[in-house]
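Take the sequence shown: its position 202, counting from 1, is numbered 202 in full-length UniProt numbering, and each next residue is one higher.
Think of the CB as a built atom: it goes at the ideal place given N, C-alpha and C, for glycine as much as any other residue.
Note sheet for the following structure.
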Amino acid sequence: MYTIDLAYVGRGLHEELVAYIADQHDYYADEGVHVALRDGCSWNDERLRHGATIGLGRTLLSRLTNGIPWVALNVNTHRPLFWFLARPGLTSLADLAGRRLAIHAPHTAPGCFARIVLRQAGLDPDRDIHTIVRAPGDYGMDLRWLHDGRIDAALVGSTMAPEAIAAEHGWQVLAWVGDHFQIPTVGVAVDPTYIHPDDPAVQAVVRAHRRALQMIHNEPDTTVRHLQTFLGQHTVDETWTHYETFIAPHFTTDGQADLAVGATAITTVAAELGVPATVTASEFYRTAATT
Numbered sequence: 001m002y003t004i005d006l007a008y009v010g011r012g013l014h015e016e017l018v019a020y021i022a023d024q025h026d027y028y029a030d031e032g033v034h035v036a037l038r039d040g041c042s043w044n045d046e047r048l049r050h051g052a053t054i055g056l057g058r059t060l061l062s063r064l065t066n067g068i069p070w071v072a073l074n075v076n077t078h079r080p081l082f083w084f085l086a087r088p089g090l091t092s093l094a095d096l097a098g099r100r101l102a103i104h105a106p107h108t109a110p111g112c113f114a115r116i117v118l119r120q121a122g123l124d125p126d127r128d129i130h131t132i133v134r135a136p137g138d139y140g141m142d143l144r145w146l147h148d149g150r151i152d153a154a155l156v157g158s159t160m161a162p163e164a165i166a167a168e169h170g171w172q173v174l175a176w177v178g179d180h181f182q183i184p185t186v187g188v189a190v191d192p193t194y195i196h197p198d199d200p201a202v203q204a205v206v207r208a209h210r211r212a213l214q215m216i217h218n219e220p221d222t223t224v225r226h227l228q229t230f231l232g233q234h235t236v237d238e239t240w241t242h243y244e245t246f247i248a249p250h251f252t253t254d255g256q257a258d259l260a261v262g263a264t265a266i267t268t269v270a271a272e273l274g275v276p277a278t279v280t281a282s283e284f285y286r287t288a289a290t291t
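Rendered as structure tokens:
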């Protein structure tokens, strides 16, 4: 049996769901690979590149800014699962002008994506908003700060169902990032410096994840049961709504990247980072070459 380290670099359904399903249903074992799922959230890029990783957004930013030759071999979705959640009185992203927003750092993937969406709404994240930089996590403190009025809005991820949280507290979901910015994101990526894309262990992981993607679509009852392990604060009905709104319609069935979406995303991300777009979509997203 082959062995490989697979690191996730964020929390929640966006990052963990597909690997979780592959593990729970023994797809890795079926494909002949032993996968050590590693928490790489606090790892630096040098440590991360010695194994496979789920975080395609982070690897793209790393390739653009540091020249690390990451390639993505499987894509779970093209719509990042992050939302702008706000206190009462704010009804649109434009209303964030002059407000206090908890958001991830500019050179993290969710922070970069969110800044792109804010600019689309006509806001300069560095001048028009009072930003409070927050590290990705379970967002519990962000929700507490919203409740206490310490902040007016927060960028939150998929450790919760934001629409259910908003309904419970009388808050507002100002925008879903995936509605405003698409990018092939979360899947399987490797740095060929250390792991060849055709390495049997890597290809086994890709096959296992594609089986998990198919299960998400073909077995909704089972998928929702798995979602409940991540969304334990929510009712079954709320979990079903989250699945039907954000998961089933937007997760791929085959792990393939839409290269047109990828090309636009790379150009947009590079512009936001202030660096040249030194890689093409076909160079970075090599999903069609896997078996």
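Using beta-carbon positions only, say whether R99 and D152 come within less than 7 Å of one another.
What you label residue 99 is simply residue 99 of the sequence shown in a count that begins at 1. What you label residue 152 is simply residue 152 of the sequence shown in a count that begins at 1. Yes, the pair counts as a contact, with Cβ atoms nearer than the cut-off.
Can you check whether the CB of R286 is closer than 7 Å to the CB of E31?
As a working mapping, residue 31 is identified with position 31 in the sequence shown. As a working mapping, residue 286 is identified with position 286 in the sequence shown. No; because the gap between Cβ atoms is not below 7 Å, this pair is not in contact.
Starting from G111 and walking both ways along the alpha helix (DSSP H), at which residues does that stretch end?
Reading the sequence shown from its first residue, position 111 is the one you call residue 111. Element bounds for G111: A109 to Q120.
Which value, in whole angstroms, describes the spacing of the CA atoms of Y8 and A22?
One-based indexing of the sequence shown puts residue 8 at position 8. One-based indexing of the sequence shown puts residue 22 at position 22. Whole-angstrom Cα-Cα distance: 14 Å.
Where does D254 sit, in a helix, a strand or coil, going by DSSP?
Mapped onto the sequence shown, residue 254 falls at position 254. Coil at D254, not helix or strand.
Using alpha carbons as the reference points, say which of S158, I195 and E244 lies closest to Q233.
For the purposes of this step, residue 233 is taken as residue 233 along the sequence shown, with counting starting at 1. Cα-wise, what sits closest to Q233 is S158.
So is D142 buried or exposed if we call it buried at 16+ other beta carbons inside 10 Å?
Stepping through the sequence shown from its first residue, residue 142 is reached at position 142. Buried, by the Cβ-count rule.
Throw me the rounded Cβ distance for the R79 and H250 pair, which I believe falls under 8 Å.
As a working mapping, residue 79 is identified with position 79 in the sequence shown. As a working mapping, residue 250 is identified with position 250 in the sequence shown. About 5 Å; that satisfies the 8 Å criterion.
Rounded separation between residue 320 and P276 - CA only:
Look at the range of the chain in this structure, 1 to 291, and you will see that residue 320 is not part of it.
Would A94 be called buried (16 or more neighbouring beta carbons within 10 Å of its own) or exposed?
Counting from one through the sequence shown, the residue named residue 94 turns up at place 94. For A94, the number of other beta carbons within 10 angstroms of its own is below 16, and it is reported as exposed.
Exposed or buried, M1, counting other C-beta atoms within 10 Å across all chains shown (16 or more means buried)?
Position 1 of the sequence shown, counted from the start, is the residue given in the question as residue 1. By the 10 Å Cβ count, M1 comes out exposed.
Terminal residues of the continuous alpha helix (DSSP H) containing R38?
On the sequence shown, position 38 is the one that residue 38 refers to. No alpha helix (DSSP H) contains R38, which is instead part of the beta strand (DSSP E) from V33 to D39.
Beta-carbon proximity list for R63, same chain, < 6 Å, skipping 5 on both sides
Locating residue 63 in the sequence shown gives position 63, counting from the first residue. Here R63 has W70 and V279 as same chain residues with Cβ atoms under 6 Å from its own Cβ, once five neighbours each way along the sequence are excluded.
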